[in-house]
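Student: Sending over a structure as structure tokens; questions will come in a sec.
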Amino acid sequence: MSNALETTHLSKRYGRTWALQDCTLALPAGRVAALVGPNGAGKTTLLHLSVGLLQPTEGLVQIFGCSPLKQTTETLPRLGFVAQDHPLYKDFTAADLLTLGRKLNPRWDDTLARAGKLSGGQQAQVALVLALAKRPDLMLLDEPLASLDPLARREFLRTLLDATVESGLTVLLSSHIIGDLERVCDYLIILSASHVQLVGDIQEIARTHKRLIGPRQNVDAIASTHTVIETSQTERQTTLLVRTNGPLFDPSWEVQEVSLEDIVLAYLSQQVTESLSSSSQHRMEVVQ
Amino acid sequence: MIEFHLDAHSGVATYLQIVQQVKQALRLGRLQVGDQLPTVREVVAQITINPNTVLKAYRELEREGLVVSRPGLGTFVQRTLASTSLASHAALRESLVRWLHSAYEAGLDGESVLALFMSTFQDTQKEEIVYQDT
């Protein structure tokens, strides 16, 4: 299957700070993908690079095999983008905005832009309807749910998902609300500290990650075949979160399912621990 | 037409919840041969769920021979799970109620009843497997 979005060693630096580093990922066409990560992880940078609003410092980004910077006639009509906080021209009525959309977009579809669709978080809905009515093949949304109440959030997702039915539309939405994502998305990209931590099919991720609980013991045996994401030890008990790379045979472990939220948090806190320890090392070097 | 509902905290994969709810409806006779399942678009509108998940559930049901998808028309029930057993449900239910009353009289509470039922159920499942193997 072809990829809607593909990045290779994509990096972006602002001054001396890397906002995104060595990001290599592929988003297959037709997926609804979640891009999760804490604030400052590089989510917005990745989205802006993907729509051609930013130029990469290093690496490559491609939309359906074309560069969003150099081949804009190929890419722009196929891209939909809803920026953070759903920016709209504040003095325009919804009807004005739809007229604007109609005049600016060659593939505009009026049947998708019915004003009757507006309800709930109306500004967000207008921004979404505007982006959908240009009939993009890839829709990128930057924190679309952040400012919405639960009802408006449901309404927004319903409109978005309805657009994906039978259209083959690919969606990438960034969020730090994990709760809704499991039913809405089928693909997951975890980004933290400007690096990609995990990319893949959500069901597959949920299936391969397990929590193991057992008597306190050395984790080397497990770590030799599986990937240990998180370890916590008490005097008598060891609890692990692992990505399994095959069947688990050791009967001393009790195996439990893990929620998607716990998996995401484990990856995010893993990164925090590592970056904290590296920065404390760094500080020690400075002190010496 | 049946409606689906999702339990986000069940730990059961979303597509499996749909598969199980269709099977449950087939067992209880709420869905019968020839009935149409809701379209993907209807399910999406109803429970705000990824369309690929609905397709995956319907494909699984089709693989098991329970439904058949007719392009352009929809997905229809082809086989039911209720045919042979539904008639005996009422009598079984009656004897189960009698059994429950005697369990309560013996001092068991709801949780003890469930625990006893599940462990007995699992034991008989094991026996069944042994029985089938020999």
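As you go down the protein sequences, you meet chains A and B in turn. Here our numbering is used: position 15 in the first sequence is 7, and no number is missing along the way. For any residue, its number in our numbering is found by taking its place in the second sequence, counting from 1, and adding 1. By construction, the Cβ of each residue, glycine as well, lies at the ideal position given by its N, Cα and C atoms.
Start and end of the beta strand (DSSP E) containing E(-2)(A)?
Tutor: Where E(-2)(A) is concerned, the enclosing beta strand (DSSP E) stretches over N(-5) to Y6.
Student: Contact criterion: CB-CB distance below 8 Å. Does T156(A) meet it with respect to chain B?
Tutor: Yes - at least one Cβ of chain B is within 8 Å of the one on T156(A).
Student: Along chain B, which residues have their Cβ under 7 Å away from the Cβ of C177(A)?
Tutor: Within chain B, the residues near C177(A) are N51.
Student: Return the first residue and the last residue of the alpha helix (DSSP H) that H168(A) is part of.
Tutor: Per DSSP, H168(A) belongs to no alpha helix (DSSP H) and is neither H nor E.
Student: Pop quiz: T15(B) and R175(A) are said to be a contact at Cβ under 8 Å. What is the actual Cβ separation, rounded to whole angstroms?
Tutor: Their Cβ separation, rounded to whole angstroms, is 5 Å, which keeps T15(B) and R175(A) in contact under 8 Å.
Student: Pick helix, strand or coil for P39(B), following the three-state DSSP scheme.
Tutor: Correct three-state label for P39(B): coil.
Student: Along the region 126 to 152 of chain A, where does the CB come closer than 7 Å to a CB of chain B? Name the residues.
Tutor: Hits within the stretch, in order: R146, L149 and R150.
Student: With distances taken Cα to Cα, identify the nearest neighbour of H168(A) among I181(A), Q229(A) and T0(A).
Tutor: It is I181(A).
Student: Below 9 Å between beta carbons is the criterion; list the residues of the region 21 to 38 of chain A that meet it against any residue of chain B, in chain order.
Tutor: Listed by position, the residues of the region 21 to 38 of chain A near chain B (Cβ gap below 9 Å) are G22, R23 and V24.
Student: Compare the C-beta of Q117(A) against all C-beta atoms of chain B and say whether one is closer than 8 Å.
Tutor: Chain B, which has no Cβ nearer than 8 Å to the Cβ of Q117(A), makes this no.
Student: Tell me whether F56(A) is buried or exposed, calling it buried when 16 or more other Cβ atoms sit within 10 Å of its Cβ.
Tutor: By the 10 Å Cβ count, F56(A) comes out buried.
Student: Anyone know if the C-beta pair for L252(A) and L232(A) falls short of 8 Å?
Tutor: It is not a contact, given that the beta carbons lie outside the stated cut-off.
Student: Quick one: what's got a C-beta closer than 6 Å to L149(A)'s C-beta in the same chain, skipping five residues either side?
Tutor: Here the set comprises V176.
Student: Under 8 Å, with one C-beta from each stretch per pair, do the region 150 to 162 of chain A and the region 181 to 196 of chain A reach the 3-pair mark?
Tutor: Cβ pair count under 8 Å is below three, so no.
Student: Suppose the cutoff is 7 Å on Cβ atoms and the five residues either side in sequence are ignored; what does the same chain contact list for E63(B) look like?
Tutor: Cβ within range, chain order: V69 and S70.
Student: Just the Cα atoms here: how many angstroms apart are Q18(B) and L7(B)?
Tutor: Answer to the nearest angstrom: the Cα atoms are 7 Å apart.
Student: Using the Cα positions of A75(A) and L45(A), report the straight-line distance between them to the nearest angstrom.
Tutor: Those two C-alpha atoms are separated by around 11 Å.
Student: Let me confirm a value: T49(B) is counted as buried when at least 16 other C-beta atoms fall within 10 Å, else exposed. Which label applies?
Tutor: By the neighbour-count rule (16 or more Cβ atoms within 10 Å), T49(B) is buried.
Student: Using CA atoms only, rank isn't needed, just tell me which of T200(A), L161(A), R228(A) and R5(A) is closest to N210(A).
Tutor: Minimum Cα distance to N210(A) is reached at R228(A).
Student: Count the other CB atoms within 10 Å of the CB of T54(B); is the residue buried (16 or more) or exposed (fewer)?
Tutor: Buried, since its Cβ has 16 or more Cβ neighbours within 10 Å.
Student: On the three-pair Cβ rule with 8 Å, is the region 88 to 96 of chain A touching the region 35 to 42 of chain A?
Tutor: With a cut-off of 8 Å, the region 35 to 42 of chain A and the region 88 to 96 of chain A do not count as touching, because too few Cβ pairs lie within range.
Student: Using the rule of at least 16 other Cβ atoms within 10 Å of the residue's Cβ for burial, across every protein chain shown, is A11(A) buried or exposed?
Tutor: Buried, since its Cβ has 16 or more Cβ neighbours within 10 Å.
Student: Of all the CB atoms in chain B, is at least one closer than 8 Å to the CB of Q195(A)?
Tutor: It does; some Cβ of chain B falls within 8 Å.
Student: Where DSSP assigns a beta bridge to H201(A), which residues make up the other side?
Tutor: The partner list for H201(A) (beta bridge, DSSP) reads R235(A).
Student: Along the alpha helix (DSSP H) that carries H1(B), what are the first and last residues, could you check?
Tutor: With chain B represented from 2 up to 135, any question about residue 1(B) goes unanswered, as that position is not in the structure.
Student: From L27(A) to Q63(A), what does the alpha carbon distance come to, in whole angstroms?
Tutor: Going by the C-alpha atoms only, they are around 25 Å apart.
Student: Determine the DSSP secondary structure at Y81(A), reduced to helix, strand or coil.
Tutor: Y81(A): coil per DSSP, three-state reduction.
Student: In whole angstroms, give me the CA-to-CA distance for R259(A) and E50(A).
Tutor: The displayed chain sequence assigns Tyr, not Arg, to residue 259(A). If you take the alpha carbons of Y259(A) and E50(A), they lie about 25 Å apart.
Student: Leaving out five residues on either side along the sequence, give the residues of the same chain with a beta carbon under 7 Å from the beta carbon of V41(B).
Tutor: Closer than 7 Å at Cβ, skipping near neighbours: P52, V55 and L56.
Student: Is it true that the CB of A105(A) sits closer than 8 Å to the CB of A125(A)?
Tutor: Going by C-beta atoms, A125(A) is nearer than 8 Å to A105(A).
Student: For the region 51 to 71 of chain B, enumerate the residues whose C-beta is nearer than 7 Å to any C-beta of chain A, in chain order.
Tutor: Taking 7 Å as the Cβ-Cβ cut-off against chain A, the residues of the region 51 to 71 of chain B that qualify are N51, P52, N53 and T54.
Student: Closer than 8 Å, CB to CB, is E174(A) near chain B or not?
Tutor: It does; some Cβ of chain B falls within 8 Å.
Student: In angstroms, rounded to a whole number, what distance separates the CA positions of L96(A) and S186(A)?
Tutor: C-alpha separation (whole angstroms): 34 Å.
Student: Classify S272(A): buried if its beta carbon has 16 or more other beta carbons within 10 angstroms, exposed otherwise.
Tutor: Per-residue confidence for S272(A) stands at a pLDDT of 40, beneath the threshold of 50, marking its modelled position as unreliable; the derived number appears in the next sentence. It is exposed - the Cβ of S272(A) has fewer than 16 other Cβ atoms within 10 Å.
Student: Find the residues of chain B that neighbour E249(A), judging by a C-beta separation of less than 8 Å, and give them in chain order.
Tutor: Those within 8 Å of E249(A) in chain B are G12.
Student: Work out the CA separation of D129(A) and R99(A) for me, nearest whole Å.
Tutor: Approximately 11 Å, taken between the alpha carbons.
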